[in-house]
Amino acid sequence: MAKDTLVLGIETSCDETAAAVVKNGREVLSNIISSQIDLHKLYGGVVPEIASRKHIEKINQVIEEALNTAEVTLQDIDAIGVTYGPGLVGALLVGVAEAKAISFATGKPLVGVHHIEGHVSANYIENKELEPPFLCLIVSGGHTHIVLVKEYGEYEIIGYTHDDAAGEAFDKVARAIGLGYPGGPKIDKLAKEGRKDAIAFPRAHIEGAPYDFSFSGLKSAVLNYINTCEMKKEEINRADVAASFQEAVVDVLVTRTITAAKNFGINKVAIAGGVAANSSLREAMREACTENEISLFYPSPIYCTDNAAMIASAAYYEYVKGTRSGLDLNAIPNLKIGQR
Ligand code: KG4
Ligand code: ZN
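Position 2 of the sequence shown, counted from 1, bears residue number -7 in the working numbering, the numbering being contiguous throughout.
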């Protein structure tokens, strides 16, 4: 039998300091996440400088815990996978410097990972049968993309957002209705008490680009609705606003992904990123996929939001292909998908 391959994953691109040990790309031996959300909540969003400082404070402890939980030492690890972009440059640098130091000290190979490719790979962890090719809807705080995963680590962008990312729209609308940061999970919860057909918010169509998105008009429509109600001194039903807004987002995400899958002749769809944890998106996508005889894959919520197990999984598939990063690996805040 072939020897098992253990990858230590490190993720510090935003506000979670995370480390994980993953066996053969799919079996999670440990997944440690130290979240800074409570700290950033005080400011209504992520403060980059605070994020970097917290990562420095936590990183060693988080890695040690990941190794201890997996019951391995650095000597047992075959490769170190680290997110090097996209993300906050100061935050990314902490993980990258740490990974390079471990690689230098142990002589173990280093593999730089694209954060969004990590999100896609989160689907491999619990769906052991999932293999490319498949279509993936990536919806996070910074990205909204439909990509064709042609092979492990090989992506073709089919559609993208022209302005706000889906998660960004959730966070901005949540702030407007006084729910605070992070908005996605709070809107998800409140929407369950509201009517999704209460307010007709717009769905933007982009001429000649059937798989692209735009959420800034929707965000403005919600803000206008709130302002108009306030001017008329009408009470705002926040649950109805949350449910109707969420429905508008989910509707375009689902219809465009299904249209792309049908047009490209792909019968496997996966969803990834923080917004993939949204209960309404999961339900609507399940229904649409069943109706169209498409197999649907999604990670558990803990693997949808930022974590290092997904980074270790992505790093594994790069490692077996022979990809190695040098000690000159740098943080690239605006790294594009498929760029190396
Ligand atoms: O992937 P992620 O953890 O970080 C980025 O790479 O951006 O995604 C964070 C985004 C935030 O905008 C957050 O509000 C959103 O994912 N999110 C959700 C839910 N959980 C997290 N959005 C909608 N519903 C949720 N349940
Ligand atoms: Zn992310």
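All residues carry an ideal CB built from backbone N, CA and C; glycine is no exception.
Within the continuous beta strand (DSSP E) that includes residue i, where are the two ends?
| i | result |
| --- | --- |
| Glu2 | -3 to 2 |
| Lys14 | 7 to 14 |
| Ile178 | Per DSSP, Ile178 belongs to no beta strand (DSSP E); it is in the alpha helix (DSSP H), 174 to 182. |
| Ala263 | 259 to 263 |
| Val19 | 18 to 26 |
Can you give the beta carbon distance from residue i to residue j, rounded, assuming they're within the 8 angstroms contact cut?
| i | j | result |
| --- | --- | --- |
| Arg166 | Gly174 | 6 angstroms |
| Val19 | Ala9 | Incorrect: roughly 12 angstroms between the Cβ atoms, too far for contact. |
| Leu272 | Val241 | 5 angstroms |
| Ile1 | Ile71 | 7 angstroms |
| Ala303 | Leu84 | Their Cβ separation, rounded to whole angstroms, is 20 angstroms, which puts Ala303 and Leu84 out of contact at 8 angstroms. |
| Ala251 | Leu126 | 6 angstroms |
| Ala82 | Thr3 | 5 angstroms |
| Tyr289 | Ala267 | 6 angstroms |
| Ile116 | Tyr294 | 6 angstroms |
| His136 | Ile257 | The Cβ separation is near 15 angstroms, so there is no contact. |
| Ile227 | Val260 | The pair is not a contact, with the Cβ atoms about 35 angstroms apart (cut-off 8 angstroms). |
| Met301 | His110 | 6 angstroms |
| Val245 | Ala279 | 5 angstroms |
| Leu181 | Ala230 | 5 angstroms |
| Tyr308 | Tyr146 | With a Cβ gap of about 12 angstroms, Tyr308 and Tyr146 do not count as contacting. |
| Asp6 | Ala57 | That pair is no contact at about 18 angstroms. |
What do you get for residue i, buried or exposed, if any count of 16 or more other CB atoms within 10 angstroms of its CB means buried?
| i | result |
| --- | --- |
| Met222 | exposed |
| Thr52 | For clarity, residue 52 is Gln in the given sequence; the question names Thr instead. Exposed, since its Cβ has fewer than 16 Cβ neighbours within 10 Å. |
| Thr152 | buried |
| His196 | exposed |
| Gly132 | buried |
| Phe204 | buried |
| Glu40 | exposed |
| Glu89 | buried |
| Pro193 | exposed |
| Lys49 | buried |
| Ser211 | exposed |
| Ile178 | buried |
| Asn325 | exposed |
| Phe95 | exposed |
| Glu274 | exposed |
| Ile28 | exposed |
| Lys91 | buried |
| Arg247 | buried |
| Ser339 | Because residue 339 is not part of the residues shown, which for the chain are -8 to 331, the question remains open. |
| Leu79 | buried |
| Thr296 | buried |
| Asp162 | buried |
| Gly86 | buried |
| Thr74 | buried |
| Lys183 | exposed |
| Gly16 | buried |
| Tyr34 | exposed |
| Asn269 | buried |
Do residue i and the ligand PLP come close, with the Cβ less than 6 angstroms from some heavy atom?
| i | result |
| --- | --- |
| Asp162 | The ligand content of the structure shown is limited to the ligand KG4 and the ligand ZN, which means the ligand PLP is not among them. |
Just reading off the alpha helix (DSSP H) that residue i is part of, what are its end residues?
| i | result |
| --- | --- |
| Phe255 | 229 to 255 |
| Ile71 | Taken as a continuous stretch (DSSP letters only), Ile71 belongs to no alpha helix (DSSP H), being part of the beta strand (DSSP E) at 70 to 76. |
| Leu58 | 39 to 61 |
| Ala212 | 207 to 222 |
What residues come near the ligand ZN, if near means a beta carbon less than 5 angstroms from any of its heavy atoms? Ser131, Asp297
Going residue by residue through the stretch 86 to 165, where are the continuous alpha helix (DSSP H) segments of at least 4 residues, counting only ones entirely within it? 106 to 117
In the stretch 276 to 319, which residue ranges form an unbroken alpha helix (DSSP H) of at least 4 residues, counting only runs that do not cross its ends? 292 to 295, 300 to 312
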